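Undergrad: Dropping a structure here in structure tokens format, bear with me for questions.
2 protein chains.
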Amino acid sequence: MTHETLDAAEAPLPAEAIDAIERAATSAHRAAHPHEALFSARAANIKQSAVRDVFDISLRPGLVSLAGGSPYLQSLPLERLAATAADIIAKDGLTALQYGGGQGTEELRAQICEVMAAEGILDALPQNVVITAGSQSAQDVATKVFCNPGDVVLVEDPTYVGALNTFEAYQVEVATVEMDDDGLVPELLEARIAALQTAGKNIKLLYTIPNFNNPSGITLGAERRQQIVDICRKANIIVLEDNPYGLLRYQGQPLEPLRAANPADVIYLGSFSKIFAPGLRIGWALVPDHLQRRYYLASESVTLCPPAFNQMLVSAYLRDYDWKGQIETYRGIYAERCAAMLAALEKHMPAGTAWTSPEGGFFVWVTLPEGVDTYPLLKQAIDAGVVFIPGAAFTPSDEPSNKLRLAFSAVPPEAIDEGVRRLAGVLRENLAAL
Amino acid sequence: MTHETLDAAEAPLPAEAIDAIERAATSAHRAAHPHEALFSARAANIKQSAVRDVFDISLRPGLVSLAGGSPYLQSLPLERLAATAADIIAKDGLTALQYGGGQGTEELRAQICEVMAAEGILDALPQNVVITAGSQSAQDVATKVFCNPGDVVLVEDPTYVGALNTFEAYQVEVATVEMDDDGLVPELLEARIAALQTAGKNIKLLYTIPNFNNPSGITLGAERRQQIVDICRKANIIVLEDNPYGLLRYQGQPLEPLRAANPADVIYLGSFSKIFAPGLRIGWALVPDHLQRRYYLASESVTLCPPAFNQMLVSAYLRDYDWKGQIETYRGIYAERCAAMLAALEKHMPAGTAWTSPEGGFFVWVTLPEGVDTYPLLKQAIDAGVVFIPGAAFTPSDEPSNKLRLAFSAVPPEAIDEGVRRLAGVLRENLAAL
């Protein structure tokens with residue numbers, strides 16, 4: 007559920023890309039056209055994400071990108087997938103290339119229930135699964151169905167930049183809840199809810215990435231999981247559990263999703279982007295029975311139906327391939343890269359910096375001393391040949407952030423070391439100047 | 007851009023499907039859950055389309071479905087497409103299965119400009135094309151960017167049911183403008199705008215399907231096209247031109263899209279669903295330069311990026327296949343089916359009924375005598391072995407409609423004749439009872 011672009015054909019020159027970042031940071035200037043008066047109130051809230059721009063820069067030759075959380079697809083059996091794709095079109099092309107049902111195919115929805123069973127959700131029914139154009143779209147639909155302008159969505163601080171973009175597009179007020187090393191702090195969540203309710207706010211959703219949070223890599227502790235759901239249930243807040251990385255745990259014990267024991271309280275978002283491949287844009291929502299109809303209709307009103315061919319390819323993959331073995335392979339790759347990053351941080355980073363140690367997923371979250379703003383450091387880092395995402399991207403606040411996100415998923419171990427070395431040089435220089 | 011499902015795996019029993027239609031026609035009843043209080047105001051506006059239910063029924067064996075506007079894909083070169091798909095994944099799988107740019111690939115956007123050139127739009131630039139998850143999604147984004155709740159969108163009466171669903175999901179006020187045999191009547195459009203402006207309404211968009219309108223089959227006359235744009239420009243209303251069928255003209259002279267001579271005034275929506283295949287869900291918007299950025303960002307916030315593989319397959323198809331020849335083939339098929347339908351109507355329909363004669367596209371629009379409501383006739387028609395879509399689906403009004411839509415695109419000529427014969431029997435019975 008990260009939103010990385012690696013479209014080489016579109017890579018602008020670095021100077022242009024840097025300009026683009028600056029444009030995004032300030033408001034856009036444009037000659038007035040009478041149509042300007044026609045934009046919806048929400049359109050003003052839809053901003054260019056700084057993250058997006060950085061991905062184009064990431065293509066600069068010689069540059070190490072620790073920005074993009076793209077999965078590493080080299081281990082996929084491409085030749086075999088090619089044959090499967092051909093088979094689907096040759097034998098079943100009239101279905102694969104035709105309109106399909108708005109909720110997704112029955113076959114894939116049943117298989118998705120098996121994927122979720124591997125996570126610990128054992129009671130999911132295909133009829134409560136809605137297949138969407140990537141998990142981002144599932145999140146968009148959830149916001150559409152529940153949030154009026156001015157309603158509140160609670161999020162972890164930090165949280166996924168794409169989720170923030172979606173919420174802001176619906177003019178939702180995003181309220182953050184602090185995390186510690188075990189994720190969301192229940193007492194702080196409770197206090198935040200109480201304060202918002204006292205202020206007369208309508209809180210609709212708690213959006214959480216409990217496993218290997220993007221961007222922090224932090225995992226919500228086992229003992230807190232039920233507590234969080236109970237707090238939300240009591241306050242009549244729906245939990246929107248976003249779990250694209252859950253199966254990519256390479257350390258520690260698997261934890262049950264919040265949805266597992268709480269079928270009526272949680273909308274669970276899943277994705278094939280990290281456990282198979284993002285380019286097919288197939289995600290899903292598992293929706294409580296009493297919310298399924300509204301959710302499904304809203305999804306259908308946006309895209310009519312998810313692409314039939316893509317669903318059939320995922321179905322064939324889950325049916326005929328060792329998809330769990332592929333996840334093992336992914337786990338091995340990411341475990342190695344995570345270890346390389348942690349070792350590089352240990353080796354290169356200056357005193358006064360700290361970072362998280364994820365048990366899975368794609369990201370490490372680095373904290374610099376108070377008072378440092380990582381946003382202006384990005385330009386220096388690019389000049390030094392490394393890219394990261396400044397922490398400010400992952401919070402609704404406009405305040406400067408002394409955090410930054412490093413992604414190791416798409417980068418070989420030796421390049422990770424070199425990238426961190428370059429970054430550390432930039433940081434050392436700036437920390438010395440403090 | 008119709009929203010037909012032919013997912014055989016999901017076909018309910020006819021009795022259940024008929025129940026579903028009735029459920030859709032009345033409001034849904036459900037045991038109250040505290041979450042009911044959480045729905046957004048817009049969620050209440052997102053309704054089950056009667057059309058959707060009918061498609062499931064259409065699968066009943068022996069039944070002739072004149073309901074679904076699915077394209078007829080049997081003439082596609084499936085074996086060759088299978089090989090192309092395999093080639094893309096085998097040789098370029100790391101791109102095809104990875105995240106891509108939010109606007110779509112540069113290659114496909116350039117090719118889309120060539121497709122639009124075949125329609126008469128000669129000045130389109132790839133940078134102003136935004137590729138979307140089907141044209142439905144492009145329309146959703148346009149509404150998102152321009153419409154606040156309570157804003158007005160003008161539409162032809164009748165218009166595409168999927169567009170109505172989208173507008174209603176944004177709590178837009180949909181105002182209809184009457185058509186005659188030459189489409190939208192400029193004088194009536196002007197009067198409607200004046201009346202709405204006098205009432206203090208904010209009119210944002212005119213949504214129009216100028217070629218072979220869905221559902222009516224009516225085409226906007228050549229001499230009216232510039233008039234319509236001029237009227238909208240004067241009133242600062244953006245024209246949202248939806249043209250999925252434009253290249254499927256099998257009679258009469260091609261007409262320039264409204265966009266052709268009016269690059270700053272029209273957002274043009276195109277689709278590969280009718281000229282290639284709908285199952286890939288690839289559509290696009292050609293957006294005026296001054297609106298591109300906002301439109302693109304809103305699109306990205308919904309789905310991150312369109313599926314890379316699907317875009318690459320469409321690109322290969324446009325690059326390596328005789329796509330114009332395939333359109334010729336489609337034209338031939340639909341011309342024959344349209345002729346079969348018109349002949350069947352001539353042969354079977356009772357006195358007092360009238361219908362349109364489309365020059366392209368998929369649909370014929372039938373008008374029964376005043377006072378007849380086609381909605382309750384649907385059940386009788388299903389019992390007689392034929393399905394159509396009642397006219398009420400294609401207008402925002404809750405009034406009964408004496409119209410119905412017949413689609414000939416997916417049905418062989420002999421079945422068209424039999425379907426119309428069955429329908430005529432039902433109508434004759436009901437007209438006699440008047």
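Keeping their order, the protein sequence lines are chains A and B. Just so you know, we're using my numbering here: the first sequence kicks off at 7 and counts up by one. Just so you know, we're using my numbering here: the second sequence kicks off at 7 and counts up by one. Using N, Cα and C, we set each Cβ at its ideal position, and we do this for glycine too. It should be emphasised that the depicted structure is a prediction, and the values quoted were computed from it without experimental measurement.
Once DSSP output is grouped into helix, strand and coil, what is the label at Tyr256 (chain A)?
TA: Coil, per DSSP.
Undergrad: Within 10 Å of its beta-carbon, does Arg428 (chain A) have 16 or more other beta-carbons around it, so buried, or fewer, so exposed?
TA: Buried.
Undergrad: Is Ile95 (chain A) close to chain B, meaning its C-beta is less than 8 Å from at least one C-beta of that chain?
TA: Cβ-Cβ to chain B under 8 Å: yes for Ile95 (chain A).
Undergrad: For Leu114 (chain A), name the three-state secondary structure that DSSP assigns.
TA: Helix.
Undergrad: Indicate whether Leu348 (chain A) and Gln80 (chain B) have their beta-carbon atoms separated by less than 8 Å.
TA: No, these two residues do not count as a Cβ contact at 8 Å.
Undergrad: Helix, strand or coil for Glu179 (chain A), going by three-state DSSP, please let me know.
TA: Of the three classes helix, strand and coil, the one that applies to Glu179 (chain A) here is strand, per DSSP.
Undergrad: Mind checking Lys330 (chain B): buried by the 16 CB within 10 Å criterion, or exposed?
TA: Exposed is the call here.
Undergrad: Let's test the definition: count the other Cβ atoms within 10 Å of the Cβ of Ser33 (chain A) and tell me whether it reaches 16, buried, or not, exposed.
TA: Residue confidence for Ser33 (chain A) is low, a pLDDT of 40 falling below 50, so the modelled location carries little weight; the figure read from the coordinates is stated next. Exposed, by the Cβ-count rule.
Undergrad: Counting only beta-carbon separations shorter than 8 Å, does Lys207 (chain B) have a partner in chain A?
TA: No, Lys207 (chain B) does not count as interfacial toward chain A.
Undergrad: If we call anything under 8 Å between Cβ atoms a contact, is Lys210 (chain B) one with Cys153 (chain B)?
TA: Their beta carbons are under 8 Å apart, which means Lys210 (chain B) touches Cys153 (chain B) by this criterion.
Undergrad: Spatial neighbours of Gln386 (chain B) within its chain, please: CB distance less than 7 Å, with the 5 preceding and 5 following residues excluded, ordered by chain position.
TA: If we look at Gln386 (chain B) and ignore the five residues flanking it on each side, its Cβ neighbours are Val432.
Undergrad: Given a cut-off of 8 Å, decide if Gly74 (chain B) and Ala413 (chain B) are closer than it, judged by their beta-carbon atoms.
TA: Result yes, Cβ atoms of Ala413 (chain B) and Gly74 (chain B) sit closer than 8 Å.
Undergrad: Report yes or no: is there a C-beta of chain B within less than 8 Å of the C-beta of Ala31 (chain A)?
TA: Any reading at Ala31 (chain A) must be qualified, since the residue scores a pLDDT of 41, below 50, and its modelled position is unreliable; no value is offered.
Undergrad: Once you ignore the five residues that flank Leu253 (chain B) on each side, which residues in its own chain have a CB closer than 7 Å to its CB?
TA: If we look at Leu253 (chain B) and ignore the five residues flanking it on each side, its Cβ neighbours are Ala124, Glu125, Ile281 and Ile333.
Undergrad: If we define contact as Cβ-Cβ less than 8 Å, is Pro263 (chain B) a contact residue for chain A?
TA: Judged by the 8 Å Cβ criterion, Pro263 (chain B) is not in contact with chain A.
Undergrad: Could you tell me which of B:Glu342, B:Leu303, B:Ala438 and B:Pro382 sits nearest to Arg255 (chain B), measuring between CA atoms?
TA: It is B:Glu342.
Undergrad: Can you grab the Cα-Cα spacing for the pair Asn268 (chain A) / Leu202 (chain A), in whole Å?
TA: Each residue's alpha carbon lies about 24 Å from the other.
Undergrad: Under the rule that 16 or more other beta-carbon atoms within 10 Å means buried, what is Ala430 (chain A), buried or exposed?
TA: With 16 or more other Cβ atoms within 10 Å, it is buried.
Undergrad: CB-CB under 8 Å to Pro132 (chain A), same chain, minus the five flanking residues each way: which ones, in chain order?
TA: Result list for Pro132 (chain A): Glu112, Arg115, Ala116, Ile118 and Cys119, in chain order.
Undergrad: For Gly152 (chain A), would you say it is in contact with chain B, using Cβ-to-Cβ distances shorter than 8 Å as the test?
TA: Reading off the sequence, residue 152 (chain A) comes out as Phe, not Gly. Answer yes: the Cβ-Cβ gap between Phe152 (chain A) and chain B drops below 8 Å somewhere.
Undergrad: For the segment 170–203 of chain B, which residues have a CB atom closer than 9 Å to at least one CB atom of chain A, in sequence order?
TA: If the cut-off is 9 Å between Cβ atoms, the segment 170–203 of chain B has Asn171, Thr172, Glu174, Ala175 and Tyr176 near chain A.
Undergrad: Considering only the alpha carbon of each residue, which of B:Gln257, B:Asn217 and B:Ala181 lies closest to Asp188 (chain B)?
TA: It is B:Asn217 whose Cα lies nearest to the Cα of Asp188 (chain B).
Undergrad: Do Asn171 (chain B) and Ser305 (chain A) count as a contact pair if the criterion is CB distance below 8 Å?
TA: For Ser305 (chain A) and Asn171 (chain B), no; Cβs fall outside 8 Å.
Undergrad: What are the residues of the segment 273–287 of chain A that lie near chain B, defined by any Cβ-Cβ distance shorter than 9 Å?
TA: Hits within the stretch, in order: Ser279, Phe282, Ala283, Pro284, Gly285, Leu286 and Arg287.
Undergrad: What are the boundary residues of the beta strand (DSSP E) that Asp248 (chain B) is part of?
TA: Ile244 to Asp248 is the span of the beta strand (DSSP E), which, as asked, contains Asp248 (chain B).
Undergrad: Given 8 Å as the limit, is there contact between the segment 373–387 of chain A and the segment 345–362 of chain A, that is, 3 or more CB pairs closer than that?
TA: With a cut-off of 8 Å, the segment 345–362 of chain A and the segment 373–387 of chain A count as touching, because enough Cβ pairs lie within range.
Undergrad: Taking C-beta pairs closer than 9 Å, name the residues in chain A that Gln80 (chain B) reaches, listed in chain order.
TA: Leu100, listed in chain order.
Undergrad: State the Cα-Cα distance for the pair His39 (chain A) and Leu297 (chain B), rounded to the nearest angstrom.
TA: Taking the straight line from one Cα to the other gives about 9 Å.
Undergrad: Between Glu405 (chain A) and Gly397 (chain A), what straight-line distance do the alpha-carbon atoms span, to the nearest angstrom?
TA: Spanning the two alpha carbons is a distance of roughly 10 Å.
Undergrad: So, for Phe368 (chain A): in the same chain, excluding its five sequence neighbours on each side, which residues have a beta-carbon less than 6 Å away from its beta-carbon?
TA: Cβ within range, chain order: Gly75, Ala413 and Ser415.
Undergrad: On the CB-based measure, 16 or more other CB atoms within 10 Å of its CB, does Pro67 (chain B) come out buried or exposed?
TA: Exposed, since its Cβ has fewer than 16 Cβ neighbours within 10 Å.
Undergrad: Just to make sure I have the definition right: I need the residues of chain A whose C-beta is within less than 7 Å of the C-beta of Ile244 (chain B). Which are they?
TA: By Cβ distance, chain A contributes His41 and Leu44.
Undergrad: Given a cut-off of 8 Å on the beta-carbon distance, is the pair Gly425 (chain B) and Val378 (chain B) in contact?
TA: No, they are not a contact pair.
Undergrad: Between Leu140 (chain B) and the rest of its own chain, which residues show a CB-CB distance below 6 Å, the 5 nearest in sequence each way excluded?
TA: Before going further, note that residue 140 (chain B) is Gly rather than Leu in the sequence given. Excluding residues within five positions, the ones whose Cβ falls inside 6 Å are Arg287 and Gly289.
Undergrad: Hey, would you say Leu310 (chain A) sits closer than 8 Å to Leu82 (chain B), going by beta carbons?
TA: Not in contact: Leu310 (chain A) and Leu82 (chain B) (Cβ atoms no closer than 8 Å).
Undergrad: With a CB to CB cut of under 6 Å and the five nearest residues on each side skipped, what residues in its chain are close to Arg434 (chain B)?
TA: Cβ within range, chain order: Pro356.
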